[in-house]
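A short worksheet on the structure shown next.
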Amino acid sequence: MFGKNLSQLLLTPPVTGMGILGVDPAYRTGCKLAVIDENGKFLDHGVVFPTPPQNEYEGSKKKVLELVKRYDVTAASIGNGTACRETQEFLARLIKEKEIKLKYTVVSEAGASVYSASKVGQEEYPDLDVTVRGAISIAQRLRDPMAALVKIDPKSLGIGQYQHDVDQKLLEQKLFETTEGLVNRVGVDVNSASAGLLSYVAGLGPVLAKRIVEYRKENGPFRSKSEPLKVKGMGSKAFEQCAGFMRIRDGESVLDNTGIHPESYDAAERLMKRCDIKTIGPREAEKISGEMEVGPETLKDIILELRKPGFDPREDLPEIPFRDNVTDIDELAEGSIVSGVARSIVDFGAFVDIGLKNDGLIHISQISNKRISHPLERLSVNQYLPRIRVIGTDTQKGRVSLCLKEESQTG
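Residue numbers (our numbering): 701 to 1111.
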């Protein structure tokens, strides 16, 4: 269960092409703000006090509008901790009042404080306060969840129940294997990836990953997939293992933005000259594999990569849903239809963010009309649920009971 939850969390689609405002909500100490650009680069930070006890709406509005306009911010990522509800209300009011092109979503802030005080956080932003690093993490886990979350010990990400009741060595091994497998499946942009992300690439490791980042800082972006061979300590064996998982988006060759290993570049180039990659079939590929001097299966893999250079498997998943208003528990009644995002999967059900201060609960008995033995059979972490029925509310405790069953078959 931990492995599946982590897998679904890391495979959350990235939000591209947007400047993002990360918001780490709080009451007394204020909401910490951090702005990153569409590539995840940190730009600016600030603090506002729109929540009790200060309730400084005007001053907070002015500061947020200033950051939004200066950096062309169109998305806000709000941590789901203390004062999250009030922060959503503040942004919803601001969006409605000023009619700005800004939408927000709530993300799990689990592990943000761990990252902000970690050695990795200190190395990445040595001149910033821990509170600002936390807001940056909240923004970056919307921009590219995998890249942000691999910097944090998976056990700090709140990915399941009874974490301390299982064998800790087995848990650590499972979470590492899950992370490593997904990073290599997706591929890593060697010109933007952090050392933390690169360290999960097959054949690398923490030391070589840091040297790649240092080389990049000193010499500029890598221009070809073979250039990492110039990095100190990058031997032929390490390169043979990692090259297929590296991506260079604006490299010297279109092949640099694929999973094709440099050893197969010659065959790939000859294939592109001879055939129409879009129409070549498996039988034809098998016939000419000898001529290309590669095996039939390798040639099929090359064709698949050439058809979708730069393909990210997360692109096929549903996009992150944004909001520009809030849900009020007093407006909900039995039978109300809401939408939401599954935040946590546990043995007895799923907790779903529907825009309230507290997540609603879909009990396992309300997930499917057919009997299931575990919620993971039908739901996944960060899954968007467009139609959920409210079957009960407790306004005093702030609890909402939800149902995914088809109404005609319930009862």
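Don't be surprised by glycine CBs; every beta carbon is placed ideally from N, CA and C.
Between the CA atoms of residue j and residue i - distance to the nearest angstrom
i	j	result
Ile912	Glu1106	53 Å
Gly995	Tyr915	35 Å
Gly944	Leu955	10 Å
Ala893	Asp1012	15 Å
Tyr825	Val907	19 Å
Thr712	Pro1009	20 Å
Arg833	Glu940	35 Å
Thr831	Val723	11 Å
Lys1097	Asp1047	22 Å
Lys769	Gln708	34 Å
Ile740	Pro714	What sits at residue 740 in the sequence shown is Gly, not Ile. The alpha-carbon atoms of Gly740 and Pro714 are separated by roughly 11 Å.
Leu706	Gln873	13 Å
Glu984	Ser1068	45 Å
Residue burial classification, residue i (beta-carbon count within 10 angstroms, cutoff 16)
i	result
Ile1037	exposed
Arg1087	exposed
Thr1110	Residue placement at Thr1110 cannot be trusted, given a pLDDT of 44 that sits under 50; the coordinates are not used to answer.
Leu971	buried
Ala776	buried
Lys762	exposed
Leu1102	buried
Asp1059	buried
Asp844	buried
Beta-carbon proximity of residue i to residue j, cut-off 7 Å
i	j	result
Ile778	Thr787	yes
Glu952	Ser924	yes
Tyr690	Arg1023	Nothing can be reported for residue 690, as the shown portion of the chain is limited to 701 through 1111.
Leu1032	Thr1093	yes
Leu1075	Gly1049	Reading off the sequence shown, one finds Pro at residue 1075, where the question assumed Leu. Yes, the Cβ-Cβ distance between Pro1075 and Gly1049 is below 7 Å.
Gly719	Tyr757	no
Arg947	Gly896	no
Leu1056	Ile1029	yes
Leu1079	Ile1054	no
Cutoff 7 Å; reference residue i; Cβ partners in own chain excluding five residues on either side
i	result
Leu767	Leu721, Leu733, Val735, Asp744, Gly746 and Val773
Ile671	The chain is shown only over 701 to 1111; residue 671 falls outside these bounds and no answer can be derived.
Cys942	Val901, Ala902, Gly903 and Leu904
Ser837	Ala812, Tyr815, Ser816 and Ala848
Met934	Leu908 and Pro928
Lys801	Thr774
Contact set for residue i: own chain, Cβ-Cβ below 6 Å, skip 5 residues either direction
i	result
Arg1099	none
Ile960	Ala968, Ile1002 and Glu1005
Ser856	Gly811 and Val814
Lys910	Ala895
Enclosing beta strand (DSSP E) for residue i [first to last residue]
i	result
Val1041	Ile1037 to Val1046
Pro1086	Tyr1084 to Asp1094
Contact set for residue i: own chain, Cβ-Cβ below 8 Å, skip 5 residues either direction
i	result
Asn755	Phe749
Met992	Ala967, Arg970, Leu971 and Leu999
Thr1095	Ile1029 and Asp1030
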